[in-house]
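Below is one structure; the comments refer to it alone.
There are 2 protein chains.
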Amino acid sequence: MNFTRKSELIREKNKSNLVIGLDTDIKKIPLYFLSFKNPALEFNKAVIECTKDICAGYKLNIAFYEYLEESGIKAMRESLKEIPNELLKICDAKRGDLDNTAEKYAETYFDKYNFDSVTISPYMGSDCIKPFIKRKNKHVFVLALTSNNSYADFEMLKSGERFLYEHVTEKILAAGSEDNIGFVFGANHLHEIKDFTEKYPGVSLLIPGIGAQGNDPGILIENIKTENFVINSSREIIYAAGNEDNLNQIMEKIRNEAIKLNKIISLNKN
Amino acid sequence: MNFTRKSELIREKNKSNLVIGLDTDIKKIPLYFLSFKNPALEFNKAVIECTKDICAGYKLNIAFYEYLEESGIKAMRESLKEIPNELLKICDAKRGDLDNTAEKYAETYFDKYNFDSVTISPYMGSDCIKPFIKRKNKHVFVLALTSNNSYADFEMLKSGERFLYEHVTEKILAAGSEDNIGFVFGANHLHEIKDFTEKYPGVSLLIPGIGAQGNDPGILIENIKTENFVINSSREIIYAAGNEDNLNQIMEKIRNEAIKLNKIISLNKN
Chain A
1 MNFTRKSELI REKNKSNLVI GLDTDIKKIP LYFLSFKNPA LEFNKAVIEC
51 TKDICAGYKL NIAFYEYLEE SGIKAMRESL KEIPNELLKI CDAKRGDLDN
101 TAEKYAETYF DKYNFDSVTI SPYMGSDCIK PFIKRKNKHV FVLALTSNNS
151 YADFEMLKSG ERFLYEHVTE KILAAGSEDN IGFVFGANHL HEIKDFTEKY
201 PGVSLLIPGI GAQGNDPGIL IENIKTENFV INSSREIIYA AGNEDNLNQI
251 MEKIRNEAIK LNKIISLNKN
Chain B
1001 MNFTRKSELI REKNKSNLVI GLDTDIKKIP LYFLSFKNPA LEFNKAVIEC
1051 TKDICAGYKL NIAFYEYLEE SGIKAMRESL KEIPNELLKI CDAKRGDLDN
1101 TAEKYAETYF DKYNFDSVTI SPYMGSDCIK PFIKRKNKHV FVLALTSNNS
1151 YADFEMLKSG ERFLYEHVTE KILAAGSEDN IGFVFGANHL HEIKDFTEKY
1201 PGVSLLIPGI GAQGNDPGIL IENIKTENFV INSSREIIYA AGNEDNLNQI
1251 MEKIRNEAIK LNKIISLNKN
């Protein structure tokens, strides 16, 4: 089953357009988890356990696992096994490299870890995505218009009649299809999200930038003109328990935060 | 000591502008190494041992280490310890992410592994480099004009009077200095390398794309108008021994290939 179809089914089943970002920073997780051999893994297991029936999937930010060296690799691999197969498993790696290196990344994230989709930085052009999308039922989310402060440095440079990010969406889509290519738009770019989703309603969007990054999810949702989207929230949800030291309480607080966000952003309300 | 000065000293001492790319693929290394517990690490140790007095440094392509999971992390960390401190240690990661994630990558590659420089993909703008260059004596090589087939998809889009890669070099340089920012230019872009090095002789270049990628190093060297450059060669050197099964012979063949390339590309000839 291709990513777009899988995404559609789980959004309906769990009544959620929410992807939870497992940006697991062991300096920020509740102290409760630090007594375990692999704190990041135990924390992720708790987050997944208390949210897996009310979200569309998870996005693992590789930076936080690389930082933990061997125990990070283990935390990533074992956390993925805790995620039910029908949920979306998105690897936030922002890779972008030439043929033999991109192939190696695809072997790692798709063939070994079984992620469904990987985020890609498009600077080097369409070569960057080919090894990823040649794999059956696999998918990439390519950076289009990002949520960070310096997005306009290059993404908004105008070439001819269009901005760089528009050249990116057009050229990259031409190298694949709606089934295996989606784009990342930051939640701050309301006007551009509205335009893009009106023009390409069949293309999936991954939208970060709400919560800790400060954009209003209610206003965002009014500007998305497709059902093919997931909104990512990381810090706001996974650290919702602060330094609570009771596991049940931790899980309840995280779950409640996810439910609260679902009520705002999800098309099929609980 | 900043990267540019460190680079200058080692190029003079070892009479070499060569960086050897440790793109260590265990499917391609001599079978001899497969009997060891960590083949990638043993292979890297052999390559480093036979070339460390005749090169300017090493570039480790993270894709190949991520692929090996825990043993790859170990191979990377232990290989770095084998590289003498006066040599350049370049992390080929092509990372590019927003503030808290870029900071995590910087902590990993600079604070934990002690690389001198990391390659960065600039799509998201100058935010991507800030956590890296705020560290004393650390450095980034930002992608400008790459050697792969689809480089022209976006890097050569024209905005105003200039191409995207020229906007990148100008904007990124403005966020740092010659001491902590260099650029990646593929060896196929002779004219652009000549122009850039004439304009910015103090900015370091990292030049991949000779050898397995097919560009002539002799012609390349005539077009570089600065001493601040390193040329990377990976597959042509590290796999020079084919499937040779005697360690001394393997090391001799690798060393000879590095010497051969040094004679062509290095300014201070052996």
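Sequence lines, in order, name chains A and B. At position 173 of the first sequence the residue is numbered 173 (our numbering), and the sequence of numbers has no breaks. Residues are numbered in our numbering as their position in the second sequence, beginning at 1, plus a constant of 1000. Heads up, the beta-carbon is just placed ideally off N, CA and C, and yes, glycines get one too. Quick caveat: nothing in here was measured; it's all calculated off a predicted structure.
7 Å Cβ cutoff, residue i in contact with chain A
i          : result
Gly1182(B) : no
Asp1153(B) : yes
Lys1006(B) : no
Thr1119(B) : no
Thr1108(B) : yes
Asn1149(B) : yes
Thr1101(B) : yes
Ile1026(B) : no
Gly1096(B) : yes
Glu1066(B) : yes
Ile1265(B) : no
Ala1075(B) : no
Below-7 Å beta-carbon distance, residue i vs any chain B residue
i         : result
Glu236(A) : no
Asn232(A) : no
Ser16(A)  : no
Met350(A) : What is shown of chain A runs 1 to 270, which leaves residue 350(A) out entirely.
Glu69(A)  : yes
Asn270(A) : At Asn270(A), the pLDDT of 45 sits below 50, so the modelled position is not reliable; the number obtained from the coordinates is stated separately. Taking Cβ atoms only, chain B never reaches closer than 7 Å to Asn270(A), which makes this a no.
Met124(A) : yes
Ser79(A)  : no
Thr226(A) : no
Lys253(A) : no
Leu143(A) : yes
Glu257(A) : no
Lys59(A)  : no
Tyr239(A) : no
Tyr105(A) : yes
Ile133(A) : no
Leu261(A) : no
Ile129(A) : no
Ala63(A)  : yes
Own chain partners of residue i with C-beta closer than 6 Å, once the 5 adjacent residues on each side are dropped
i          : result
Pro39(A)   : Ile26, Phe33
Val1142(B) : Ile1120, Pro1122, Ile1172, Phe1183
Lys1059(B) : Val1019, Gly1021, Ile1090, Asp1092, Asn1232
Asn1061(B) : Asp1023, Asp1092
Lys1028(B) : Tyr1239
Arg1162(B) : none
Lys253(A)  : Ala240, Ala241
Gly156(A)  : The question names Gly, but residue 156(A) in the sequence shown is Met. Within the same chain, Met156(A) has close Cβ partners Phe163.
Close beta carbons around residue i, own chain, < 7 Å, minus the five adjacent residues each side
i          : result
Phe159(A)  : Note that residue 159(A) corresponds to Ser in the displayed sequence, not to Phe. So the qualifying residues of the chain are His167.
Ala258(A)  : Leu18, Ile20, Thr51, Ile54, Cys55, Ile237
His1189(B) : Leu1145
Ser233(A)  : Leu18, Ile20, Gly21, Ile210, Gly211, Leu261
Glu1049(B) : Met1251
Ser1266(B) : Lys1015, Ser1016, Asn1017, Leu1018
Chain E contact for residue i (CB, 7 Å cutoff)
i          : result
Asn1188(B) : In the structure shown, chain E does not exist; the protein chains are A and B.
Chain-order list of residues whose beta-carbon lies under 8 Å from that of residue i (same chain, five-residue window excluded)
i         : result
Asn148(A) : Gly186
Ile207(A) : Val184, Phe185, Gly186, Ala187, Ile193, Leu220, Ile224, Phe229, Val230, Ile231, Asn232
Ile133(A) : His139, Val140, Ala175, Gly176, Asn180, Ile181
Glu42(A)  : Phe33, Phe36
For residue i, the residue or residues it bridges with in DSSP
i          : result
Gly1057(B) : Val1019(B), Leu1088(B)
Gly182(A)  : Phe141(A)
Phe1163(B) : Lys1158(B)
Phe1229(B) : Leu1205(B)
Arg1095(B) : Ile1120(B)
Asn215(A)  : Ile210(A)
Whole-number beta carbon distance between residue j and residue i, since they are thought to touch under 8 Å
i          : j          : result
Ile1210(B) : Pro1217(B) : 5 Å
Thr1101(B) : Glu66(A)   : That belief does not hold up - the Cβ atoms of Thr1101(B) and Glu66(A) are roughly 10 Å apart, past 8 Å.
Asn1243(B) : Leu1009(B) : Not quite, the Cβ-Cβ distance comes to about 37 Å (not below 8 Å), so this is no contact.
Tyr1151(B) : Gly125(A)  : 6 Å
Leu1088(B) : Asp1116(B) : 6 Å
Val203(A)  : Glu222(A)  : Not really, about 19 Å apart at Cβ, beyond 8 Å.
Asp111(A)  : Ala1063(B) : Between Ala1063(B) and Asp111(A) the Cβ distance is about 13 Å, and since that is not below 8 Å, they are no contact.
Asn1299(B) : Asn1137(B) : Look at the range of chain B in this structure, 1001 to 1270, and you will see that residue 1299(B) is not part of it.
Residues from the region 1033–1057 of chain B in contact with chain A, defined by Cβ distance under 8 Å:
Residues: none.
Name, going along the chain, the residues of the region 160–181 of chain A whose beta-carbon falls closer than 7 Å to a beta-carbon of chain B.
Of all residues in the region 160–181 of chain A, those with a C-beta nearer than 7 Å to a C-beta of chain B are Leu164, His167, Val168, Lys171, reading in chain order.
Identify each residue in the region 1189–1210 of chain B for which the Cβ-Cβ distance to at least one residue of chain A is less than 7 Å, and report them in chain order.
Nothing from the region 1189–1210 of chain B brings a Cβ to less than 7 Å from some Cβ of chain A.
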